[in-house]
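Chemist: Numbering (the working numbering), first residue to last: 1 to 392. All C-beta atoms in this analysis are idealised placements derived from N, C-alpha and C, irrespective of residue type, glycine included.
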Amino acid sequence: MGAVLRVGLAGLGSVSRTILGSVDTIENVKLTAVADIRQEPLDAAREKYGVETFDSVEAMCESPNVDAVWVCTPNLFHAEHTIIAAERGKHVICEKPMAVTLEQAQAMVDIVEQNGVRYVQGHSKIFDPPIRRMREVVSSGELGRLVQLNTWEYKPWISGQPRLGSEVDSSMGGGVLYRQGPHQTDIVRGIGGGMVKSVRAVTGRWNPSFPLAEGDYTAFLEFEDGVAATMVFNGYGYFDITEMTWGIGEGGQRRNVDIPAVAERYDGSVEADVKYDFAGIRAERERAERVSGRRNQPFFGLTIASCERGDIRQSPDGLYIYDENGRREITFDNRGQGRGELTELRDAIREERPTFPDARWGMASLEVILGILQSSNERREVTMSLQTPVPY
1 MGAVLRVGLA GLGSVSRTIL GSVDTIENVK LTAVADIRQE PLDAAREKYG
51 VETFDSVEAM CESPNVDAVW VCTPNLFHAE HTIIAAERGK HVICEKPMAV
101 TLEQAQAMVD IVEQNGVRYV QGHSKIFDPP IRRMREVVSS GELGRLVQLN
151 TWEYKPWISG QPRLGSEVDS SMGGGVLYRQ GPHQTDIVRG IGGGMVKSVR
201 AVTGRWNPSF PLAEGDYTAF LEFEDGVAAT MVFNGYGYFD ITEMTWGIGE
251 GGQRRNVDIP AVAERYDGSV EADVKYDFAG IRAERERAER VSGRRNQPFF
301 GLTIASCERG DIRQSPDGLY IYDENGRREI TFDNRGQGRG ELTELRDAIR
351 EERPTFPDAR WGMASLEVIL GILQSSNERR EVTMSLQTPV PY
């Protein structure tokens, strides 16, 4: 890599819409190429961003103008496209979930390590400043030992916006467990130190319009050091957790909690054009909010970390710490910080150090996700064996 990290984007679907406009906002990072099987979005990207375009990930990975590939293709193809990139010496950022099976994840770990390229687990809540700050407070020991972690998210995921068939089919890496579970898993692992010992969980498919995908789950995690954690996710969209987080949602945007969170409910999957039109409108709105500075710090639901001598939760502008002296606030400005994945990859290459979260971290979080499914199906506790610790 030269002075600038040159990034190629694999896949121009809904996820990539929020990435396209943010790559070039990061110092010494430049979007140089995109790949997709559809000509229309390729033409649009070439015209708007002046990038090289390719009709396959393989072809893009042969370009000498690409140092790293951000894999934004459907979940079933994460492993294939990561392997293609790593075999050609490209560094990788891969969207969550890392893969659909542990066999795929292990193959990704192996190829990344064999080829000496760096991997960053993309779209991880570990990059959210409030989560990192909570980890810092916990690891400092000022409140004593961590004893409990609880995180809850209620949002209209399953039917509150248009979904492709692959997004609502668990066999294809769809449903709230594969698509949203990595967020909560990284939150509790990131704060709790990473080393989950076992999982006991129950999942549900209670929306008859989406019978092939989980719409909710409740999971109990025990860490190796005895810390207990719960993760609760409900994606049916009747209650919205932002009523409990000052109206602030995942991207830091505020909403009027007196207005229903769901403007329209969908009774099944939609065609691609409906999905991508919706994604384009949302990405443009988010871009405008980011540029105008109308955002707060991100809230992925409500998370509370409980230590021996106090509790920690997010506030609109930082963290609230509750101890024997009452409540105090740590404030920090974390708006407009861009994509943490890009800065992490850029800095790791420049400083010749490992990345975090890396491929083994991504595999460990996937192990928890699959453990939740297995535990629910078999109605028993499932033991983990692939966990990795937080390096800080």
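Rounded to a whole number of angstroms, what is the C-alpha to C-alpha distance between Gly174 and Ala105?
Modeler: So the alpha carbons of these two residues sit roughly 17 Å apart.
Chemist: I'd like to confirm the pairing. Which residues does DSSP put opposite Ser198 in its beta bridges?
Modeler: DSSP output for Ser198 lists Glu222 and Thr383 as bridge partner(s).
Chemist: From the DSSP output, in three-state form, read off Ala99 for me.
Modeler: coil
Chemist: Assuming Gly122 and Ile93 make a contact with CB atoms under 8 Å, what is their CB distance in whole Å?
Modeler: 5 Å
Chemist: Please say whether Pro64 and Leu366 have beta carbons closer to each other than 7 Å?
Modeler: no
Chemist: Taking the beta strand (DSSP E) that Ile93 belongs to, which residues open and close that run?
Modeler: Per DSSP, Ile93 belongs to the beta strand (DSSP E) from His91 to Cys94.
Chemist: Taking buried to mean at least 16 other C-beta atoms within 10 Å of its own C-beta, is Lys48 buried or exposed?
Modeler: exposed
Chemist: Relative to the C-alpha of Val257, which residue among Lys155, Ile126, Tyr217 and Gln297 is closest?
Modeler: Lys155
Chemist: Going by C-alpha to C-alpha distance, which of Gly310, Gln374 and Arg380 sits closest to Arg145?
Modeler: Gly310
Chemist: At the level of alpha carbons, what is the spacing between Ile19 and Pro74?
Modeler: 15 Å
Chemist: Go through its chain and collect everything with a Cβ distance to Arg132's Cβ below 8 Å, but skip five positions before and after it.
Modeler: Ile126 and Gly190
Chemist: Under the DSSP definition of a beta bridge, which residues are partnered with Asp216?
Modeler: Gly204 and Asn234
Chemist: Can you tell which of Pro354, Ala10, Asn207 and Asp323 has its C-alpha closest to the C-alpha of Tyr236?
Modeler: When only C-alpha atoms are compared, the closest one is Asn207.
Chemist: Could you have a look at Ile259 and say whether DSSP puts it in helix, strand or coil?
Modeler: Residue state, collapsed to three classes: coil.
Chemist: Taking all protein chains shown into account, decide if Tyr238 is buried (16 or more other Cβ within 10 angstroms of its Cβ) or exposed.
Modeler: exposed
Chemist: In this structure, what does DSSP give as the bridge partners for Gly8?
Modeler: Ala33 and Val69
Chemist: Please confirm whether Val109 and Leu76 have their CB atoms less than 7 Å apart.
Modeler: no
Chemist: Is it true that the CB of Glu58 sits closer than 7 Å to the CB of Ile84?
Modeler: yes
Chemist: Just to confirm my understanding: we take Val112, look at its own chain, exclude 5 residues before and 5 after, and list those with CB closer than 6 Å. What are they?
Modeler: Ala86, Tyr119 and Ala359
Chemist: Ignore the nearest five residues each way along the sequence and tell me which others in His78's own chain have a CB closer than 6 Å to its CB.
Modeler: Scanning its chain for C-beta atoms nearer than 6 Å, with the 5 sequence neighbours on each side dropped, one finds around His78 the residues Val71, Cys94 and Ala99, in chain order.
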